[in-house]
Every structure is written in C-alpha cells, then in structure tokens.
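Colleague: Residues in the sequence shown are numbered consecutively from 56, following the working numbering. Backbone N, C-alpha and C fix where the C-beta goes; we use that ideal spot for every residue, glycine too. Dropping the structure in here first, questions after.
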Amino acid sequence: MKIQNRTFIISGGASGLGKSTALEIIKAGGYVAILDLSDEETGRALEKELGPLAKFFHCNVLKTESIAKAVQGTVDWIKETGKPLGGVVPAAGIGLPAATLDRNGNAFDMDQVDLVLGVNLRGTIDLIRQSVEHLAKVDPEGPDGERGVVIMVSSSSAFDGQYGQVSYAASKGAVASMALPMSRDLAKYGIRVVAIAPSLFTTALTAMMSDRVRKSLEASFIFPNRAGNPPEFSFLVKHIIENPMFNGAVIRIDGASRLSKL
Ligand SMILES: NC(=O)c1ccc[n+]([C@@H]2O[C@H](COP(=O)([O-])OP(=O)(O)OC[C@H]3O[C@@H](n4cnc5c(N)ncnc54)[C@H](O)[C@@H]3O)[C@@H](O)[C@H]2O)c1
56 MKIQNRTFII SGGASGLGKS TALEIIKAGG YVAILDLSDE ETGRALEKEL
106 GPLAKFFHCN VLKTESIAKA VQGTVDWIKE TGKPLGGVVP AAGIGLPAAT
156 LDRNGNAFDM DQVDLVLGVN LRGTIDLIRQ SVEHLAKVDP EGPDGERGVV
206 IMVSSSSAFD GQYGQVSYAA SKGAVASMAL PMSRDLAKYG IRVVAIAPSL
256 FTTALTAMMS DRVRKSLEAS FIFPNRAGNP PEFSFLVKHI IENPMFNGAV
306 IRIDGASRLS KL
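Here you go:
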C-alpha cells in the first residue's frame, strides 16, 4: 500500500519507536495523527517539529472515551486534508518490572498488573477496534483492494521474558497472539494485521534501565552487537505498510538476541 497521501494513527507517537514511525511516514509523504499522553504543550511543540503533515491529539489509551475523542479528531482532520486513513500503529506502551514474589515473599501488586495490561493490551485493542471502523470504509486501493494496515508492537519479552517481566511479557505475548486472528477478522475489509517484536531499542523506555540491565541485554545481541535504533524499527514499519504479503505475522527485529533470565 502506498504511504503517500494516506493518514496513519500512531499512539505513543510523541517518543521513541512511535515518533520514529511518524518521521518515517512523513518522509514518505504520509500524514500522521499522533495520540499520546503527553501534555498539549509538548504536543504543539511536536507538531511544530514534525510540520504540517502531523497533528497531535492528547489521548490516554486506558480510556475508551479518550481514544474515541482522538479518533474522531483524526477523522475530522482527514475531512480537512482529504488524505484517507491508511492504518494504525498502536505503539503506546509501558513497562513496570515487578517480581511475582518480592524479597520478602510478598506477591506483586495487582494495580501494577492492571496498568501494564491496560496500556499495552487493552489500549492496543481499543485503539485498533475504534480505528478500523473508519478504515473499513475507505475506498479500496490497487488490484488487491487493500484498505489499510494495523501494525502492533509486541516485544522479545513475548517469547523470552525476563525476571520481573510477568505483566509486560503477558501483555506483549497477548499482542503477538492477536496478529493472526485479527488478520482473519479483517481480511474481508482488505485490512492487514502484523505485530513487530523488537528486542532492546534505545528509547526513553529503555533509558530508565540500570547500567547492569542494559549491558546484560546488549550482550545478548548476536549481530550487530548493539541495541537497535528507532529508525531501524520504523524502516520495518514502512516496509510492512508497502508490502502486501506481510499479514498475520509476528516479526522479530532483534539482531538474533535471545533475552537471558537476568
Ligand atoms: N524500546 C524498546 O526496547 C522496546 C522493545 C520492545 C517493545 N517496545 C515497545 O515499543 C512501544 C514503544 O516504546 P518506546 O520504547 O518507544 O517507549 P517510549 O517511552 O519512548 O514511548 C512510549 C510513548 O507512549 C506514551 N504512552 C504511555 N502511556 C500512554 C497512555 N496511557 N496513553 C497514550 N500514550 C501513552 C508515552 O507518553 C510515550 O510517548 C511500547 O509498546 C514498548 O513496549 C519497546
């Protein structure tokens, strides 16, 4: 599918992998609606930085009404620009490490579990579900009758989750599991669904890690022997949008790293 003159919704687009995806899409002539928890001031600064093909919508993916408002805002913006919806990249995500039992043998807090699952899983499903209602109505493109693409963000943790990552791994494993059934659900509308599973990429999320954790993660890379950079992630997003044979898959992008137990 062509990126040029189409609009893509990106949650978590104010930072890291989401922001890099926004930059890549804009470079290819696409429009981006950035849905993020960041405040309005940060959002306006981001619009200024990214230029006229980007629009910021304050959004908390934990809340259905907040997503509804941002998606409606995107639909209204599309009426002004005339650039139809082309896809959604739900990249908003958080990681709150906690061991199942702490040093004193106390079980982890369910509020933390609910928060991680809420943002990474429920937020992903809710944004997709609300976006594809609109995507299913755009005019089909090309000989395949394609309408758009959903690109979810899973993680290496879906397969080799580390110590303290039960909630995060559960959320990302669930995201990976959704790629195939969702692609089956949406095939009749000409909508593809793919999940990308990155290993360590250098972003604000991973900047919070201790040196010990970072070094251990970097040591797990086979080649290249380093963490990924956001443009290497967004380059894959671009390719998935443009190549119609990517569907129903979970694609690892990880320099052959397999996470150790830590
Ligand atoms: N960086 C990595 O190594 C890595 C590896 C695997 C998967 N991931 C996943 O990639 C995605 C992007 O992560 P990143 O590394 O770019 O992190 P990041 O912290 O740089 O960006 C995440 C963005 O999500 C936004 N966000 C958080 N909670 C939100 C909410 N409730 N509603 C709306 N927006 C919200 C934040 O404001 C932020 O802008 C996440 O889903 C993350 O789990 C990252």
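With DSSP collapsed to three states, give me the class of residue 86.
Modeller: Here residue 86 sits in strand by DSSP.
Colleague: What do you reckon, is the C-beta of residue 221 under 6 Å from a heavy atom of ligand 1?
Modeller: No.
Colleague: Please confirm whether any heavy atom of ligand 1 lies closer than 6 Å to the CB of residue 172.
Modeller: No; taking the cut-off as 6 Å, the Cβ of residue 172 has no heavy atom of ligand 1 nearer than that.
Colleague: Output the boundary residues of the beta strand (DSSP E) element that contains residue 247.
Modeller: Its beta strand (DSSP E) spans residues 246-253.
Colleague: Pull up the distance between the alpha-carbon of residue 230 and that of residue 224, whole angstroms please.
Modeller: Roughly 10 Å between the two C-alpha positions.
Colleague: Exposed or buried, what is residue 86 when buried is set at 16 or more other beta-carbons lying within 10 Å of its beta-carbon?
Modeller: Buried, since its Cβ has 16 or more Cβ neighbours within 10 Å.
Colleague: Which residues bound the beta strand (DSSP E) around residue 146?
Modeller: Residue 146 -> no beta strand (DSSP E), and no H or E assigned at all.
Colleague: Look up residue 91 in the DSSP assignment and say whether it is helix, strand or coil.
Modeller: Reduced to three states, the DSSP call for residue 91 is strand.
Colleague: Where do the N-terminal and C-terminal ends of the alpha helix (DSSP H) with residue 173 fall, by residue?
Modeller: First-last for residue 173: undefined, no H or E at that position.
Colleague: Is it buried or exposed for residue 233, if we count other Cβ within 10 angstroms and need 16 for buried?
Modeller: It counts as buried.
Colleague: Does DSSP put residue 260 in a helix, a strand or coil?
Modeller: Reduced to three states, the DSSP call for residue 260 is helix.
Colleague: By a C-beta neighbour count over all protein chains shown, 10 Å radius and 16 as the cutoff for buried, is residue 156 buried or exposed?
Modeller: Exposed: under 16 other Cβ atoms inside 10 Å.
Colleague: Can you list, in chain order, the residues of its chain with a C-beta nearer than 6 Å to that of residue 84? Leave out the 5 residues immediately preceding and following it.
Modeller: Taken in chain order, the residues that qualify are 59.
Colleague: Report the residue from 178, 201 and 251 whose alpha carbon sits nearest the alpha carbon of residue 243.
Modeller: Ranking the options by Cα distance to residue 243, first place goes to 201.
Colleague: Hey, quick one: how far does the beta strand (DSSP E) through residue 207 stretch, first residue to last?
Modeller: It spans 203-208 - the beta strand (DSSP E) in which residue 207 sits, taken as one unbroken run.
Colleague: Enumerate, from N- to C-terminal direction, the unbroken alpha helix (DSSP H) stretches of 4 or more residues contained entirely within the stretch 95-168.
Modeller: With a minimum length of 4 residues, the continuous alpha helix (DSSP H) runs that stay inside the stretch 95-168 are 95-105 and 119-136.
Colleague: Inspect the beta-carbon positions of residue 307 and residue 252 and report whether they are closer than 7 Å.
Modeller: Contact flag set, yes.
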